[in-house]
Amino acid sequence: MNKATSNPITGKMNNVILTEPLVFADSKDIIDDIKKNKVVIINLSKLDVETADRLLDFVSGGIYALNAKLKTIGEDIYLCVPNGIDVSGDFYEGEY
Numbered sequence: 179m180n181k182a183t184s185n186p187i188t189g190k191m192n193n194v195i196l197t198e199p200l201v202f203a204d205s206k207d208i209i210d211d212i213k214k215n216k217v218v219i220i221n222l223s224k225l226d227v228e229t230a231d232r233l234l235d236f237v238s239g240g241i242y243a244l245n246a247k248l249k250t251i252g253e254d255i256y257l258c259v260p261n262g263i264d265v266s267g268d269f270y271e272g273e274y
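The working numbering puts the last residue of the sequence shown at 274; the count rises by one with no breaks.
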């Protein structure tokens, strides 16, 4: 599901993508979207624990390499924010 949002400072459109990966290979698509400066919300609830952990590890490495941000916004739900895009709000810092 895609949702376009306007950036009030630049007037450019930023895409926000909600993804529910079903296999580890979907992790590449998530990183590709972040590289395209898209905000990605990942719902890992449809993955088994081992695959979800592997996918999150891979995405975390990509986030680090791209100098992006990864925030927990709910149980098995993560927000990936490309470098240069600011996000504010109360984010969960612990574990579920």
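Every residue gets a Cβ at the ideal spot worked out from N, C-alpha and C, and that includes glycine.
All figures in this text were calculated on a predicted structure; none of them were measured in a lab.
In this chain, Lys216 is not harboured by any alpha helix (DSSP H), its DSSP state being neither H nor E. CA-to-CA, the gap between Asp211 and Glu228 works out to about 23 Å. Put simply, the backbone Cα of Arg232 is about 7 Å away from that of Phe202. In summary, Tyr256 is buried, with 16 or more beta-carbon neighbours lying within 10 Å of its beta-carbon over all protein chains present. Within its own chain, the residues whose Cβ lies closer than 7 Å to the Cβ of Ser238, once the five positions on either side in sequence are excluded, are Leu248, listed in chain order. Counting along the chain, Gly252 sits inside the beta strand (DSSP E) bounded by residues Lys247 to Gly252. Secondary structure of Ile195 (DSSP, three-state): strand.
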